[in-house]
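Let me begin by presenting the structure, written as structure tokens, before commenting on it.
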Amino acid sequence: MSAATSIATDADTTTPMDATLSPRRLVWLRFKRHRLALVSLWVLVVMYAIAFSAEFFAPYAPDERNVRAIFAPPQQIRFVDAQGEFHFRPFVYGYRLNINPDTWMREYTEDTSQRYPLYFFDRGAHYAWLGVVPASRYLISTREGYVHLFGTDRLGRDLFSRVIYGARVSLSIGLIGVILTFALGIALGGVAGYLGGRVDGAVQRTIEVIQSIPQLPLWMALSAALPAAWSPLGVYFGITLILSLVGWTGLARVVRGKFLSLREEDFVVAARLIGASRRRIIFRHMLPSFMSHTITTATLAVPGMILGETALSFLGIGLRAPVVSWGVLLQEAQNFQAVVLTPWLLIPGGCVVLVVIAFNLLGDGMRDAADPYSYAGGTT
Amino acid sequence: MLNYVRRRVLAMIPTLALISVIVFALVQLPPGDIVSATLDRLQAQGVEVSDTQIEALRAQYHLDDPMPVQYLRWIGNFLTGDLGYSIAYEQPVNTLIWDRMGYTLLITFSSLLFTWIVALPIGIYSAVRQYSLGDYFFTVVGLIGVAVPNFLLAILAMYAGFSWFGISVGGLFSPEYIDAPWSWARVGDLIAHLWIPTIVLGAAGTAATMRVMRANLLDELKKPYVVTARAKGVRPVKLILKYPVRIAINPFISTIGWLLPTLISGEAIVAIVLNLPTTGPLLLQSLLSQDMYLAGSFLMLLSLMTVIGMLISDLLLAWADPRIRYE
Chain R
3 MSAATSIATD
13 ADTTTPMDAT
23 LSPRRLVWLR
33 FKRHRLALVS
43 LWVLVVMYAI
53 AFSAEFFAPY
63 APDERNVRAI
73 FAPPQQIRFV
83 DAQGEFHFRP
93 FVYGYRLNIN
103 PDTWMREYTE
113 DTSQRYPLYF
123 FDRGAHYAWL
133 GVVPASRYLI
143 STREGYVHLF
153 GTDRLGRDLF
163 SRVIYGARVS
173 LSIGLIGVIL
183 TFALGIALGG
193 VAGYLGGRVD
203 GAVQRTIEVI
213 QSIPQLPLWM
223 ALSAALPAAW
233 SPLGVYFGIT
243 LILSLVGWTG
253 LARVVRGKFL
263 SLREEDFVVA
273 ARLIGASRRR
283 IIFRHMLPSF
293 MSHTITTATL
303 AVPGMILGET
313 ALSFLGIGLR
323 APVVSWGVLL
333 QEAQNFQAVV
343 LTPWLLIPGG
353 CVVLVVIAFN
363 LLGDGMRDAA
373 DPYSYAGGTT
Chain H
3 MLNYVRRRVL
13 AMIPTLALIS
23 VIVFALVQLP
33 PGDIVSATLD
43 RLQAQGVEVS
53 DTQIEALRAQ
63 YHLDDPMPVQ
73 YLRWIGNFLT
83 GDLGYSIAYE
93 QPVNTLIWDR
103 MGYTLLITFS
113 SLLFTWIVAL
123 PIGIYSAVRQ
133 YSLGDYFFTV
143 VGLIGVAVPN
153 FLLAILAMYA
163 GFSWFGISVG
173 GLFSPEYIDA
183 PWSWARVGDL
193 IAHLWIPTIV
203 LGAAGTAATM
213 RVMRANLLDE
223 LKKPYVVTAR
233 AKGVRPVKLI
243 LKYPVRIAIN
253 PFISTIGWLL
263 PTLISGEAIV
273 AIVLNLPTTG
283 PLLLQSLLSQ
293 DMYLAGSFLM
303 LLSLMTVIGM
313 LISDLLLAWA
323 DPRIRYE
């Protein structure tokens, strides 16, 4: 089914008003038919919202320690207690620490005599939301005891809270990185495609060269060059910049190709003949006509950024310890023993996978919705 | 064809020259240099170093020459096969690097083979039985395969190997074979260890390649000649394998071009997690200790491998498809 007919069927199946629908509305209608992409969009919106309001969603501060629970496994939320009694308010059981007499390992079991009810939207320790707004409400908290839904790490820090604070760093690096990539890619790809000739040649060569150096070693070399004395914020922007400096080539190629093919289109020639300025032609006529493509490409580039940050931090040359990101958290799971004894430390990895899948599905859905030449729901 | 080969090989030269400049700049980028790094190390050990010794060291490595001179000396030596001297390991780079490059090449190549052997039949199956249960299954597997970062997969492989098979996954040899001379038993041991990094590394590429194969074959299967052949009663197996698959397989040649850089990248991090004696761990070490000759040689050789891989893939494509030769 070609795009034209599929848009037509959309129009046929809904109200007669559709004839006047804007292109944006049509794209949205096509996108909505992609069930998985829609679900992914919601998953991402929820995750970004949680990351944005980390202080509210995380029960504890990222570096708050619970010395009674070192390497403690995740607690289970329960409604029915050990006596078989139902409680309307969910609760968790406290830990009972045993030292295994053979291996000298800490082993935690549920202590059914300690029942900690969970309270929602309750007041707790004061915090500054986004570092500015004073607040004290928490999504989940206990009035006595503790709640560790993802378990704790080697210092007894709550993994659930750390994953949420980590999301703030990891997810925002993906977005900021892509915005930088977007700017670089459109600027360089646009210049190459619009001017052509020698400029085009130079940009093309640069893209070729950057793409011939294996990405991860290149990232490693660049981030090893970040001065160790930099502040966490400096390293954060340094890493973001590195990811974009390496990653803009793909987008630039797409933009260049589009510019090359659009340059000879009738509407561009017409605009030029009327005497529109070069800037007006580029920003008013050419860019909007393939914006959906570039946004799609950018969406598909976000997971690469997130994976890049995770990989670098995991190797210890990305973000460093006081900063909490998913890659930094995964560093704890690097050693083999940790994985066997404390598998819950791999949860941040699960989050990475979830986000990457969601972005890929979202990008696929957007591509199908935006690409007028695609077979709707056909080959993919 | 010969003309095309000549043009393509000549086009490599400026690319490689630019890469070498970038690599040199990258290695010089960290603040300080190898002598100051060595000094820090010596002073941490309590060794006193006199100013004259520092001067001698700086002179020995020509650190006070202007950058372009240093670059030309480095690349000149590189071209004659002298890769320089690793200060951290106190050995010529040549003795450190080639074993590791060999294993990197071996793992990369076996992953490439794995990718093809697995992705090709699955791609064909998914296309021929489109929207079947198996197709959906492989779609989901592929989706996850692309999304799981390969270092996470490496950790999971270690976990699985330990908890299911009770073996410690990691390294390329059993302890007794690490320093043993080459023998058939050692080769066997290598192969027994090779499959885990191969699968871990090949997973993402396999997932992507089978999607490409599926999409290409689906396009091909809709064409009139296939319908005609089917109408005339050609046996299904022959119908699929003899014509459409041979056309759809074209991207498998071009995969070398884009798969190789990903594999080499992935190999670096997987090797660090699985503790393989390949380039990855040593490259990280050398970058951290500013061992510039070692780091530079690794970066340069890995890029060279990629560029040559792309060349091979382009040449194979030109050989398979005459239209490319005469563009």
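Protein sequences appear in the order of chains R and H. Take the first sequence: its letter number 19 is residue 21 in my numbering, and every next letter is one higher. Take the second sequence: its letter number 256 is residue 258 in my numbering, and every next letter is one higher. Don't be surprised by glycine CBs; every beta carbon is placed ideally from N, CA and C. Predicted model, so just to flag it, every value in this text is computed and none were measured.
With a cut-off of 9 Å, does the C-beta of residue i fall near any C-beta of chain R?
i, result
"tyrosine 105/H", "no"
"alanine 205/H", "no"
"proline 263/H", "yes"
"isoleucine 274/H", "yes"
"alanine 270/H", "yes"
"alanine 46/H", "no"
"threonine 308/H", "yes"
"valine 29/H", "yes"
"serine 305/H", "yes"
Using the Cα positions of residue i and residue j, report the straight-line distance between them to the nearest angstrom.
i, j, result
"aspartate 83/R", "asparagine 102/R", "26 Å"
"isoleucine 52/R", "valine 171/R", "12 Å"
"threonine 281/H", "isoleucine 99/H", "8 Å"
"aspartate 323/H", "valine 48/R", "48 Å"
"leucine 65/H", "glycine 86/H", "14 Å"
"aspartate 316/H", "glycine 78/H", "28 Å"
"alanine 137/R", "alanine 127/R", "9 Å"
"alanine 13/R", "histidine 287/R", "Residue confidence is low: alanine 13/R scores 43 on pLDDT, short of 50, so the model does not pin down where it sits. No coordinate-derived value is stated."
"arginine 80/R", "leucine 151/R", "12 Å"
"glutamine 292/H", "valine 29/H", "7 Å"
"tyrosine 275/R", "arginine 255/R", "Residue identity differs from the one stated: residue 275/R is leucine in this sequence, not tyrosine. Looking at the two C-alpha atoms, the distance is approximately 28 Å."
"aspartate 53/H", "arginine 43/H", "16 Å"
"glycine 351/R", "aspartate 268/R", "50 Å"
"serine 115/R", "histidine 89/R", "15 Å"
"arginine 8/H", "methionine 14/H", "10 Å"
"leucine 141/R", "valine 94/R", "15 Å"
"serine 113/H", "glutamine 217/R", "18 Å"
Is the shortest distance between the beta-carbon of residue i and the beta-carbons of chain H less than 9 Å?
i, result
"asparagine 362/R", "yes"
"methionine 222/R", "yes"
"isoleucine 244/R", "no"
"serine 387/R", "No information on residue 387/R is available, as it lies outside the stretch 3 to 382 that chain R covers here."
"glycine 351/R", "yes"
"aspartate 370/R", "no"
"valine 342/R", "yes"
"threonine 298/R", "no"
"glutamine 217/R", "yes"
"proline 345/R", "yes"
"proline 76/R", "no"
"leucine 190/R", "no"
"leucine 348/R", "yes"
With a cut-off of 8 Å on the beta carbons, I'd call residue i and residue j a contact; round off their distance for me.
i, j, result
"alanine 60/R", "tyrosine 167/R", "6 Å"
"threonine 111/R", "proline 151/H", "At roughly 33 Å, the Cβ-Cβ gap does not stay under 8 Å, so threonine 111/R and proline 151/H are not in contact."
"leucine 203/H", "glycine 268/H", "5 Å"
"alanine 63/R", "leucine 31/H", "Between leucine 31/H and alanine 63/R the Cβ distance is about 36 Å, and since that is not below 8 Å, they are no contact."
"methionine 215/H", "phenylalanine 80/H", "Their Cβ separation, rounded to whole angstroms, is 39 Å, which puts methionine 215/H and phenylalanine 80/H out of contact at 8 Å."
"glycine 252/R", "threonine 299/R", "7 Å"
"glutamate 109/R", "asparagine 100/R", "5 Å"
"alanine 90/H", "serine 288/H", "7 Å"
Could you list which residues in chain R have their beta carbon closer than 9 Å to that of residue i, in chain order?
i, result
"serine 38/H", "Within 9 Å Cβ-Cβ: nothing; serine 38/H doesn't reach chain R, min ~14 Å."
"isoleucine 255/H", "By Cβ distance, chain R contributes nothing, its closest Cβ being about 18 Å from isoleucine 255/H, past 9 Å."
Applying a beta-carbon distance threshold of less than 7 Å, which residues of chain H neighbour residue i?
i, result
"alanine 226/R", "Pro32, Leu289 and Leu290"
"isoleucine 241/R", "Ordered by position in chain H, no residue passes the 7 Å Cβ test against isoleucine 241/R, which lies about 15 Å from the chain."
"valine 165/R", "The premise fails here: valine 165/R is roughly 15 Å from chain H at the closest Cβ pair, so nothing lies under 7 Å."
"valine 358/R", "Ala149"
Residues of chain R with CB closer than 8 Å to the CB of residue i, please, in chain order.
i, result
"threonine 17/H", "Arg207, Glu210, Val211 and Ser214"
"alanine 209/H", "The contacting residues do not exist; alanine 209/H stays about 11 Å from chain R at best."
"methionine 312/H", "Ser214"
"leucine 115/H", "Simply none; closest approach about 19 Å."
"leucine 319/H", "Correct list: empty, because the minimum Cβ distance to chain R is about 16 Å."
Please determine whether the Cβ atom of residue i lies at a distance below 8 Å from any heavy atom of the ligand SAH.
i, result
"proline 216/R", "Absence of the ligand SAH is noted for the structure shown, with no ligands found whatsoever."
What does residue i reach in chain H if we use C-beta pairs closer than 9 Å?
i, result
"threonine 312/R", "Pro151, Phe153 and Leu154"
In chain H, which residues lie less than 8 Å from residue i when you measure between Cβ atoms?
i, result
"leucine 309/R", "Pro151"
"leucine 177/R", "None at all; the shortest Cβ gap to chain H is about 18 Å."
Just to make sure I have the definition right: I need the residues of chain R whose C-beta is within less than 7 Å of the C-beta of residue i. Which are they?
i, result
"valine 148/H", "Asn362"
"isoleucine 266/H", "Pro216"
Item to check | Within 9 Å of chain H by C-beta, residues of the segment 314–336 of chain R in sequence order | outcome: Phe316, Leu317, Gly318, Ile319, Leu332, Ala335 and Gln336
Checklist entry - Got a sec: which bits of the segment 53–73 of chain H sit with their beta carbon under 8 Å from any beta carbon on chain R, in order along the chain? => result none
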